[in-house]
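As they're listed, the protein sequences go chains A and B. Numbering-wise (my numbering), the first sequence opens with residue 0 and increments by one. Numbering-wise (my numbering), the second sequence opens with residue 128 and increments by one. Quick reminder that beta carbons are idealized off the backbone N, C-alpha and C, glycines included. This report concerns only the one structure given below.
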Amino acid sequence: MKLVRLDLGLLAILFGLAPALAADMPDTSTAPAATRPSAVITLATKVEDGQKEIFATVTVNGKPLENANVSFSAPRTFGKLILGTDQTLDDGTAAIAFPSDLPGDAEGNLNISAEILSPAAYAGAHNEARMSGGKTRTPAGDAYPRALWSPNAPRGLIAVIVLLVAGAWGSYLFVLFQLRAIRKGADS
Amino acid sequence: MSSPAFNSHGPLASTDAQVTDDLIATLGRPSLFHKTWVISLALVALWGAVCYLYQVKNGLAVTAMNDYFCWGVYIINFVFFIGISMAGTLISAMLRLTGAEWRRPITRMAEGITLFALMIAGPMIIIDMGRPDRFLHVLLYGRLQSPILWDVLSLTTYMAGSTIYLYLPLIPDMAILRDHSTNFSPWRRRLYTILALGWKGSPAQHHALERALSVMAVVIIPVAVSIHTVTAWIFGMTLRPGWHSTIIGPDFVVGALYSGIAAVIVAMAIFRKAFHLEDYLKLEHFKKLGLLLLAVGIAYLYFTVNNFAGSTYVTGTEERSLLQSIFGGTYAIQFWTMVIVGLLVPCLLLALPWTRTLAGIVFASVLINIGMWLMRFIIIVPTLSVPFMPTPVGKHLAYVPTFVEWSITFGGFAAFGLLYTLFSKVFPIISIWEIIEGRAVAAAVERKH
């Protein structure tokens, strides 16, 4: 969208229509980008009433940001899995339940991301943290290890092929040494 | 074993110098017929190359291959050329190892056929590919369990071995040509000097050459058997009717011997006529090879009967449909032509003493090569016309090669002939030093008697 607006802006300038177009564009910032304070998000887990939760604390210039919509997600193979959204309280915290059924790495660690959706001035600010507590994911066992139809060739087959190929090419190498001997015979 | 009565090493009354001059004379200025022949072959090969470029540009849609007939005439050519490449190994290596003296004028022709047939067979696989640029993937990402990868490994090993095996007995001849350098242009002199490796014929050099030749003669036989077996396994290790057979490996090896010997006989007849080598390629050579061809032909007949007998007796639905199409259906003409032209008539011509003449043996060999090409067709196409996949209702599966496929096929055959012809004009087609050595052996045997 920003790119589209930028293109339209450039076109407007080119055709002298900038003032008119500018009036149609919504004002998405409350302060110039250079001076606008940035929002900082910190992520942590906490257990409350026996329930493990993810907390995101949003601060601006060290002060908690209230009523900010925060989206929690976990990066997966083909995109981000949205875990939930929450609005920050007066202490700047937003929280969702920890997704304990979500597969993590071999030790159960999950990458959790929090991103501000609104207000627009801080939208897009995000942070990511690694948290333990997900399901441990053990590598899938090979049902047919070293079988002809598995990705890995059986060791016996590897040995046979290597032996045959090495035998043939080793003989060729021997013949090349004999050719060298013939060449040397010419020099002597 | 040679006998004193059978002199297979050139004119009886000639000297070694005469033999050398005779065989060097084959490298002389080409006749008008020879030039026309080379230009014709080059034009056909060029036309084949142009058609291949057309195929690369437009894809395999220009062929008759489709989702059912994934293999066609290119794979038939591949198997055919792989088959005749067996010639060099059999004639040269086996006869060398068994000390058959009569091999001497034949070995180089046979070794040449092997190398040039492989040079055409290999590219046929790439020509068959819709995306030839992906050939490299076989090497980069190939699975060691795949018969395709075994074939690539085997083919490259065989090709390297055949090149070495062709080159080794050329070394003393290169020295002879180097020493007759006044007859040749500067580039030829330079080529012969380089390839001669400074050969002076010293005992040490002879010893090294003999050792190299002995090792190669032993190694090249299993390597050659492996390429024919592995090529057969590409078919046999699928579950397709007609291919999934335990004897398909040996069947291919025997078939390769059969077409390979026939190809050597045809080449011998052509060179005998073209280079006036009647004193070197005698009727006895043709007769000996003819008898060998007969023995292998009977073995191949046995394998063919064996292949079909089992499946005729116990058949599944697909197998029955395949056999019906081969014996009495769509492919009956090709099959029975192959049986009659490629097996029965040649074996009869070779078996009967009054047809076992030079013309009879050569004619039988030509028939065998035609029959064996048809046999490759019978192996590949009918099986693909009996797919496990359902076919659209009323659709009749048939494969008729297109003009592009025929052009590339003829281009391949022309390229083979061209390479062989050019080789015979640069290198002596009969090994000079082996003939001279054979004369010495024959003279020694004569003295003993």
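Aspartate 189 of chain A, buried or exposed, once every other Cβ within 10 Å from all chains shown has been counted against 16: This structure gives no information on residue 189 of chain A, because the portion of chain A shown stretches from 0 to 187.
Please report the straight-line C-alpha distance between glutamate 65 of chain A and glycine 91 of chain A, rounded to a whole angstrom. 5 Å
Cut-off 7 Å between Cβ atoms - residues of its own chain near glycine 107 of chain A, not counting five sequence neighbours on either side: Ser131, Gly132, Gly133, Lys134 and Thr135
Counting only beta-carbon atoms, is alanine 394 of chain B nearer than 9 Å to chain A? no
Would you call proline 509 of chain B buried or exposed, if buried means 16 or more other Cβ atoms sit within 10 Å of its Cβ? buried
For lysine 45 of chain A, does the count of other Cβ atoms within 10 angstroms reach 16, so buried, or fall short, so exposed? Answer is exposed; the Cβ neighbour count stays below 16.
Ignore the nearest five residues each way along the sequence and tell me which others in leucine 156 of chain A's own chain have a CB closer than 8 Å to its CB. Leu147
Return the residue from the list B:Gln332, B:Met286, B:Glu337 and B:Ser353 that minimises the CA-CA distance to proline 163 of chain A. Before going on, a small fix: residue 163 of chain A reads as leucine here, not proline. The residue with the shortest Cα to Cα distance from leucine 163 of chain A is B:Ser353.
Would DSSP call phenylalanine 205 of chain B helix, strand or coil? helix
Along chain A, which residues have their Cβ under 8 Å away from the Cβ of leucine 280 of chain B? Annotation: Cβ neighbours of leucine 280 of chain B in chain A (cutoff 8 Å, chain order): Ile160 and Val164.
What does leucine 147 of chain A reach in chain B if we use C-beta pairs closer than 8 Å? Gln272
Going by DSSP in three states, leucine 101 of chain A sits in which element: helix, strand or coil? coil
CB contact flag (glycine 469 of chain B, glycine 443 of chain B, <9 Å): no
Can you give the beta carbon distance from alanine 542 of chain B to alanine 172 of chain B, rounded, assuming they're within the 8 Å contact cut? 4 Å
Closest residue to threonine 548 of chain B among B:Pro232, B:His161 and B:Leu187 (Cα-Cα distance): Of the listed residues, the one whose Cα sits closest to threonine 548 of chain B is B:His161.
DSSP three-state assignment for threonine 163 of chain B, whether helix, strand or coil: In the structure shown, threonine 163 of chain B adopts helical secondary structure according to DSSP, grouped into three states.
Of all Cβ atoms in chain A, is any one closer than 9 Å to the Cβ of serine 558 of chain B? no
How is lysine 79 of chain A classed by DSSP in three states: helix, strand or coil? strand
Determine the closest residue to glutamine 86 of chain A out of A:Ala38, A:Thr58 and A:Asn68, with distance taken between C-alpha atoms. A:Asn68
Methionine 286 of chain B: contacting residues in chain A (beta-carbon distance under 8 Å): Simply none; closest approach about 11 Å.
Contact list for valine 174 of chain A against chain B, beta-carbon separation under 8 Å: Ile291, Leu295, Ala339, Val342 and Met343
What is the residue span of the alpha helix (DSSP H) that arginine 179 of chain A lies within? 154–186
Are isoleucine 115 of chain A and valine 161 of chain A close, meaning C-beta to C-beta below 9 Å? Contact: no.
Please confirm if tyrosine 171 of chain A has its CB atom under 9 Å from at least one CB of chain B. yes
Does any residue of chain E bring its CB to less than 9 Å from the CB of isoleucine 53 of chain A? The chain inventory of the structure shown lacks chain E, comprising the protein chains A and B.
Relative to the C-alpha of threonine 529 of chain B, which residue among B:Leu511, B:Tyr181, B:Trp560 and B:Thr142 is closest? B:Tyr181
Can you tell me whether DSSP reads phenylalanine 71 of chain A as helix, strand or coil? strand
Evaluate glutamine 272 of chain B with the Cβ neighbour count: other Cβ atoms within 10 Å of its Cβ, from every protein chain shown; 16 or more gives buried, anything less gives exposed. When all chains shown are included, glutamine 272 of chain B counts as buried.
Kindly indicate if chain B contains any beta-carbon less than 9 Å away from that of aspartate 141 of chain A. no
Contacting residues, own chain, Cβ-Cβ under 6 Å from glycine 83 of chain A (five flanking each side not counted): Phe71 and Ile95
Here's the rule: buried if 16 or more other CB atoms are within 10 angstroms of the residue's CB, otherwise exposed. What is arginine 156 of chain B? By the 10 Å Cβ count, arginine 156 of chain B comes out exposed.
Could you please tell me which residues of the segment 326–337 of chain B, in chain order, have their CB closer than 7 Å to any CB of chain A? Trp326, Lys327, Ser329, Ala331, Gln332, Ala335 and Leu336
Quick one: complete beta strand (DSSP E) runs, 3+ long, within the segment 334–366 of chain B? none
Take aspartate 255 of chain B as the anchor and find which of B:Asn496, B:Arg317, B:Val200 and B:Leu419 has the nearest alpha-carbon. For aspartate 255 of chain B, the closest C-alpha among the options B:Asn496, B:Arg317, B:Val200 and B:Leu419 is that of B:Val200.
With distances taken from CA atoms, which of B:Ile347, B:Lys552 and B:Thr536 is nearest tryptophan 500 of chain B? Of the listed residues, the one whose Cα sits closest to tryptophan 500 of chain B is B:Thr536.
Identify which residue in B:Leu366, B:Asp148, B:Thr356 and B:Gly382 has its Cα closest to the Cα of glycine 376 of chain B. If we check each option's Cα against that of glycine 376 of chain B, B:Thr356 comes out closest.
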